[in-house]
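Notes for the one structure printed next.
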Amino acid sequence: MAVPRGRLLGGCSAINDTFVTRGTKADYDRIADMGNPGWSWKEMLPFFKASETFHSTEWHQADLDIHGTDGPLHISMTPLAPISEKILESFIDSGFDYKPDMFVQGDYEGVGHIGRTVYNGICTTSADFIHKYERTNLTVRTDVFVDRIILEKNNEKECPYKAVGVEAHDDTNGQPIIIKARKEIILSAGVYNSPMILMHSGIGWEKHLNEVGIDCKVNLRGVGENLQDHLIV
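What follows is the structure in structure tokens.
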């Protein structure tokens with residue numbers, strides 16, 4: 018199975034299908050109900066809107082209350098091909114609710130159009146957050162590969178370790194790099210590399226880590242398991 022990855026700023030957002038989906042309200046509300054304040058759909062919606070500049074069109078009946086107007090991702094609606102229009106009509110004739118903003122309104126039951134991170138023939142990616150704001154407190158290192166998270170013992174019983182930095186290396190010359198954290202570390206390396214980094218750090222299923230010679234620090238069997246990807250894959 019071929020699974021290409023985007024090795025550039027923006028990662029796979031630079032080589033994907035450019036489709037825009039936000040997930041369902043129920044999923045975000047469930048995350049919040051599990052003890053994660055700030056993650057409900059209502060609380061996340063302002064951040065969704067802040068990330069985009071939505072370019073409306075006359076033929077698409079968009080709900081502008083759920084779209085942003087000044088974000089780094091430029092989103093537009095692409096007219097359907099004639100065959101796709103017929104498919105859309107057949108769903109509506111079969112009783113499906115027509116929802117023009119179905120993929121971003123939080124309710125995926127029905128049929129509708131999907132936005133794309135393309136405007137006037139130009140694609141935008143997650144790297145555009147960097148280019149738009151030019152933050153003086155942000156340093157971006159390219160050609161750096163993160164090997165593992167540095168864990169130190171913690172006095173708290175429920176959390177025996179804390180992340181204090183990362184070990185990495187320069188991919189151009191193999192030079193090791195140590196980066197220490199002052200406040201926190203955000204692991205956002207994608208669906209494949211995130212669990213890989215965790216397992217290299219000793220976080221994962223103890224039995225599997227022992228089999229490959231990695232000292233298990235936190236036994237979490239779900240890390241690296243239960244992969245779910247798009248049906249196209």
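Numbering (the numbering used here), first residue to last: 18 to 250. A virtual CB, placed ideally from N, CA and C, is assigned to each residue, including glycine. Because the structure is a prediction, the values reported are computed rather than measured.
Exclusion of the five residues before and after P193 leaves H186 as the residues of its chain whose Cβ lies within less than 6 angstroms of its Cβ. Cα atoms of S211 and D110: separation of roughly 43 angstroms, rounded to the nearest angstrom.
Rounded to whole angstroms, the gap between the alpha carbons of T70 and T153 is 23 angstroms. Taking a 10 Å sphere around the C-beta of P177, we find fewer than 16 other C-beta atoms and assign the residue as exposed. Per the C-alpha coordinates, the member of S107, K234, T41 positioned closest to F120 is T41. Secondary structure note for F162: its beta strand (DSSP E) is the uninterrupted segment 161-170.
Annotation note: the segment 168-209 contains the following uninterrupted beta strand (DSSP E) runs of length 3 or greater, listed N- to C-terminal: 178-187, 193-197.
Counting other Cβ atoms within 10 Å of its Cβ, Y45 reaches 16 or more and is therefore classed as buried. Around the Cβ of H148, a 10 Å sphere holds fewer than 16 other Cβ atoms; the residue is exposed. In this structure, E242 and C233 do not form a Cβ contact; the two beta carbons are roughly 15 angstroms apart against a cut-off of 8 angstroms.
Between L237 and G219, the gap from beta carbon to beta carbon reaches 7 angstroms or more. Boundaries of the alpha helix (DSSP H) harbouring M61: 58-67, taken from the DSSP string.
For S93, there is no enclosing alpha helix (DSSP H); the enclosing beta strand (DSSP E) has its first and last residue at 90-94. For the pair R39 and T95, the CB atoms are not nearer than the 7 angstroms cut-off. Between F113 and G129, the gap from beta carbon to beta carbon reaches 7 angstroms or more. Going by C-alpha positions, R47 is about 23 angstroms away from A67. When G182, L25, L97 are compared, the shortest CA-CA separation from L168 is found for G182.
With a contact defined as Cβ atoms closer than 8 angstroms, T141 and L90 qualify at about 5 angstroms.
In the DSSP annotation of this structure, the continuous segment of the alpha helix (DSSP H) that includes R47 starts and ends at 42-50.
Taking each of E102, K197, V208, P117 in turn and checking the Cα distance to P21, the smallest one comes out for V208.
Remark: C-beta atoms of I131 and F36 approach each other more closely than 7 angstroms.
Partner residues in the beta bridge of T86, as assigned by DSSP, are T70. In this structure, S143 sits away from G239, with a CB-CB distance that is not shorter than 7 angstroms.
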